[in-house]
Each structure stands twice: as C-alpha cells, then as structure tokens.
Amino acid sequence: MREYKLVVLGSGGVGKSALTVQFVQGIFAEKYDPTIEDSYRKQVEIDSQQCMLEILDTAGTEQFTAMRDLYMKNGQGFLLVYSITSQATFTDLNDLRKQILRVKDVDEFPLVLVGNKCDLEDERSVGTEQGRNLANEWKCHFAETSAKTKSNVNEVSILRCFVHIHSNLVSLYTHMHSAQIGNSVLVLRAL
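So the mapping is simple: this note's numbering equals the position in the sequence shown, first residue as 1, plus 4.
Structure (structure tokens):
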C-alpha cells in the first residue's frame with residue numbers, strides 16, 4: 005500500500021488540529037489545546053487502489069520552528085492553513101512557503117492553501133478573493149473550510165492535496181521511465 009506524507013502548517017490558533025481531526029476522525033473539539041506535533045493516519049482510495057495518508061499536524065508557535073525543517077524535508081504535500089478571521093495568519097504563510105522551498109530545494113511542491121473558519125463570516129478579515137489570488141500566484145489549489153461545520157473538509161482541502169501528490173509522483177515516474185500514460189480520471193473515496 006502506498007503511503008503519502010502530508011504536513012499541515014500555519015500560525016497558532018488557525019484550526020490546523022481541528023481541521024485534521026475533523027478529516028481523520030469526524031469530530032470537532034471546541035477547546036483549543038496548542039499542538040506540538042501530532043501524527044494521524046487515514047486510509048483512502050485513489051484510482052481503485054488503497055493508500056495510506058499520514059498527516060502531520062504541526063505546532064503553530066515560533067518556539068518550535070526548529071522542528072519545521074524536518075517536517076518540510078520529509079513532507080510530500082502541504083496544507084498551508086490560515087484563519088479567515090486574521091490577516092496576520094494569512095500574511096505569515098509567505099514565510100512558511102519560502103521556508104518549504106528553501107528546505108526542499110525545489111521550485112514547486114504539492115500545496116493546498118486553506119482558509120479555515122469560514123463559519124465565522126461575520127468576523128472575516130481575509131477575503132475569499134485574497135485567498136484565490138494568492139493560490140493563483142503560488143499555482144496551487146485553494147479552499148475555504150470550516151472544521152466546525154465540516155464545510156469542504158473531506159472533498160476539497162485534504163484530498164485535493166493528496167490527488168496533487170499522487171499526480172506529481174505518477175508524472176515523475178512516467179518521466180523517469182519514459183512511459184506513456186493516457187488520460188486518466190482520479191476517483192477518490194475516503195474510507
């Protein structure tokens with residue numbers, strides 16, 4: 005069974021853990037408990053093949069930045085998460101992305117930009133268009149989610165990154181082996 009490593013990054017309090025736990029376990033914890041590091045596993049199906057998705061939920065505080073390099077080096081795909089209620093958390097993502105590019109020494113990598121807490125529309129300070137524009141600039145997927153209401157948690161945010169990782173690995177394999185692969189449709193189903 006193929007395994008993929010997905011790293012969830014963002015400032016403290018943006019809902020990284022809530023988003024991850026909602027995706028993996030289907031529950032929402034109301035109480036905020038800052039994370040140092042948690043790892044989750046979820047089996048998913050892609051193109052009729054069972055795959056294991058390992059999700060690393062990381063600390064959002066500055067005191068754990070030394071650990072980030074290792075996460076970034078080993079990660080195959082990334083969710084960069086901000087809160088739509090905080091412009092500062094949106095701005096912080098530029099530095100995180102630059103750090104990933106530096107650590108991985110690549111020009112691009114599988115990434116989904118996630119604006120979380122879309123259930124708090126009346127507290128919004130980061131517009132949807134701002135998120136879309138940044139995703140276009142970074143050439144990545146974009147989603148607004150709510151871990152609390154489960155909005156876009158399964159279908160959009162995490163699985164898009166998984167598909168992107170899978171597609172990149174298939175492309176790399178194809179290129180390395182000079183094989184021809186026809187157009188295929190990826191079918192996803194969370195188990």
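Ideal Cβ placement from N, Cα and C applies to all residues, glycine included.
The straight-line gap separating the alpha-carbon atoms of Val85 and Asn78 is approximately 19 angstroms.
A distance below 6 angstroms between beta-carbons, with the five flanking residues on each side excluded, links Val11 to the following residues of its chain, in chain order: Leu60, Tyr75, Gly79, Phe82. Secondary structure of Val110 (DSSP, three-state): coil. Remark: C-beta atoms of His145 and Ala139 approach each other more closely than 8 angstroms. In the DSSP assignment, Gln54 falls outside any alpha helix (DSSP H) and lies within the beta strand (DSSP E) extending over 53-62. Comparing alpha-carbon positions, the option among Ala92, Asp123, Asp73, Leu57 lying closest to Lys102 turns out to be Asp73. Nearest Cα to Val48 within the set Val28, Gly131, Lys108: Val28. For Ser21, the enclosing alpha helix (DSSP H) starts and ends at 20-29.
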